[in-house]
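Residue numbers (the numbering used here): 2 to 322.
As structure tokens, this is what we get:
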């Protein structure tokens with residue numbers, strides 16, 4: 002007798018190379034970042050620049066964020082087990098989420114400092130030459146770190162988050178360099194406070210973007226790059242496939258998705274044991290056209306009795322959570 006409900010599950014473990022790549026990229030960026038942060042703190046003290054201190058404060062959080070990211074990258078390399086059947090990839094999104102919250106906190110704190118200084122009446126002298134020298138060294142170090150992270154930004158939300166941080170750092174350092182030139186030409190020291198507020202705006206915008214992306218992964222939102230209607234249309238175009246329902250898609254880690262769905266095929270297809278070919282074709286389409294390599298496809302026959310169908314859904318609808 003032919004079984005009525007056929008299930009398959011296939012999966013590939015090709016993540017550890019991604020995660021180890023992420024870990025070394027993040028570690029290299031961390032080393033460069035710590036050195037530059039210490040330079041900025043010293044430079045801010047010597048030059049009296051709030052823009053440098055704003056960037057150093059951001060770098061402190063950036064380094065904390067990189068540490069979270071490095072730990073997450075190492076944990077993400079662990080293979081799935083009985084307790085964590087989907088693996089540990091989701092920890093990268095948790096790292097990204099924490100990073101975003103840290104960034105927001107620093108942005109808001111620095112905004113208050115910058116606004117406070119703009120409203121103060123006594124004058125702050127800024128040594129533009131020291132400020133400029135530190136900023137120039139920072140541009141070189143950030144550019145190197147950005148290049149290291151840029152090449153791995155698609156591998157994980159962690160690396161993407163760190164790359165975003167670095168873009169903010171680079172923009173902030175360019176701004177500090179430009180401000181140092183402007184101050185040396187005009188002696189308008191208030192430009193330093195204005196620059197620090199612009200840096201804060203960069204920080205808050207990048208944090209909001211990272212928060213949104215991490216939140217989507219943690220909440221199992223269907224990825225933006227997946228068109229469910231197009232997917233259903235492609236699967237229903239397979240000969241003998243009548244319907245596709247109960248489509249659930251989740252992101253395991255950046256660029257790596259898992260899908261479960263029910264394929265409804267003609268009764269004759271079940272009788273002739275042709276359902277395996279239908280399922281294989283569906284898996285091929287999902288992998289080739291939608292980039293989904295982890296699939297759980299349940300094949301079921303066309304049911305004439307709606308009650309049976311409802312009962313079946315009730316029995317099988319709860320094992321994906």
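Built from N, CA and C at the ideal position, the CB exists for glycine as well. For clarity, every value in this text was computed on a predicted model and none was experimentally measured.
For residue i, which option in the options has the closest C-alpha, if you only look at C-alpha atoms?
{"i": "residue 39", "options": "111, 241, 301 and 60", "result": "60"}
{"i": "residue 112", "options": "197, 233 and 41", "result": "197"}
{"i": "residue 155", "options": "180, 257, 212 and 213", "result": "257"}
{"i": "residue 250", "options": "240, 237 and 287", "result": "287"}
{"i": "residue 302", "options": "279, 266 and 207", "result": "266"}
{"i": "residue 35", "options": "48, 26 and 67", "result": "67"}
{"i": "residue 219", "options": "96, 45 and 228", "result": "96"}
{"i": "residue 107", "options": "243, 54 and 159", "result": "54"}
{"i": "residue 206", "options": "246, 151 and 109", "result": "109"}
{"i": "residue 242", "options": "223, 224, 262 and 27", "result": "262"}
{"i": "residue 225", "options": "292, 186 and 187", "result": "292"}
{"i": "residue 252", "options": "120, 223, 290 and 132", "result": "223"}
{"i": "residue 240", "options": "268, 126 and 166", "result": "268"}
{"i": "residue 48", "options": "231, 283, 238 and 133", "result": "133"}
{"i": "residue 130", "options": "215, 188, 217 and 153", "result": "188"}
{"i": "residue 22", "options": "228, 50 and 71", "result": "71"}
{"i": "residue 283", "options": "304, 272 and 234", "result": "234"}
{"i": "residue 279", "options": "244, 294, 290 and 295", "result": "244"}
{"i": "residue 166", "options": "200, 43 and 227", "result": "200"}
{"i": "residue 62", "options": "91, 118 and 162", "result": "162"}
Give me whichever residues DSSP pairs with residue i in a beta bridge.
{"i": "residue 301", "result": "265"}
{"i": "residue 251", "result": "259"}
For my contact list, residue i and residue j are in at a C-beta cut-off of 8 Å; report their separation, rounded to the angstrom.
{"i": "residue 136", "j": "residue 177", "result": "4 Å"}
{"i": "residue 212", "j": "residue 101", "result": "4 Å"}
{"i": "residue 104", "j": "residue 208", "result": "4 Å"}
{"i": "residue 264", "j": "residue 236", "result": "7 Å"}
{"i": "residue 215", "j": "residue 51", "result": "Contact flag wrong, Cβ pair sits at about 30 Å."}
{"i": "residue 190", "j": "residue 126", "result": "6 Å"}
Excluding the 5 residues flanking residue i on each side, which residues of the same chain have their C-beta closer than 8 Å to its C-beta?
{"i": "residue 29", "result": "146 and 149"}
{"i": "residue 138", "result": "37 and 40"}
{"i": "residue 151", "result": "164"}
{"i": "residue 128", "result": "47, 48, 49 and 50"}
{"i": "residue 172", "result": "200 and 203"}
Quick check on DSSP: helix, strand or coil for residue i?
{"i": "residue 40", "result": "helix"}
{"i": "residue 15", "result": "Low local confidence applies: a pLDDT of 47 at residue 15 is under 50, so the model's placement there is unreliable, and no value is given."}
{"i": "residue 275", "result": "coil"}
{"i": "residue 245", "result": "strand"}
{"i": "residue 294", "result": "coil"}
{"i": "residue 285", "result": "helix"}
{"i": "residue 50", "result": "coil"}
{"i": "residue 25", "result": "helix"}
{"i": "residue 170", "result": "helix"}
{"i": "residue 84", "result": "coil"}
{"i": "residue 126", "result": "coil"}
{"i": "residue 180", "result": "helix"}
{"i": "residue 64", "result": "helix"}
{"i": "residue 161", "result": "helix"}
{"i": "residue 142", "result": "helix"}
{"i": "residue 223", "result": "coil"}
{"i": "residue 189", "result": "coil"}
{"i": "residue 89", "result": "coil"}
{"i": "residue 70", "result": "helix"}
{"i": "residue 214", "result": "helix"}
{"i": "residue 238", "result": "coil"}
Cutting at 6 Å between CB atoms, please list the residues of its own chain near residue i, excluding the five before and the five after it.
{"i": "residue 75", "result": "24"}
{"i": "residue 140", "result": "174"}
{"i": "residue 1", "result": "Look at the range of the chain in this structure, 2 to 322, and you will see that residue 1 is not part of it."}
{"i": "residue 11", "result": "In this prediction, residue 11 scores a pLDDT of 46, lower than 50, which makes its location untrustworthy; the coordinate-derived value is nonetheless stated afterwards. Correct list: empty, nothing qualifies."}
{"i": "residue 231", "result": "none"}
{"i": "residue 221", "result": "251"}
{"i": "residue 309", "result": "For residue 309, the predicted structure reports a pLDDT of 48, less than 50, and the residue's modelled location is therefore unreliable. A value from the coordinates is still provided. If we look at residue 309 and ignore the five residues flanking it on each side, it has no Cβ neighbours."}
Ignore the nearest five residues each way along the sequence and tell me which others in residue i's own chain have a CB closer than 7 Å to its CB.
{"i": "residue 89", "result": "76, 77 and 79"}
{"i": "residue 33", "result": "142, 145 and 146"}
{"i": "residue 276", "result": "7, 266, 270 and 300"}
{"i": "residue 45", "result": "53, 54 and 57"}
{"i": "residue 69", "result": "96, 99 and 100"}
{"i": "residue 64", "result": "31, 34, 35 and 38"}
{"i": "residue 26", "result": "149, 150, 153 and 160"}
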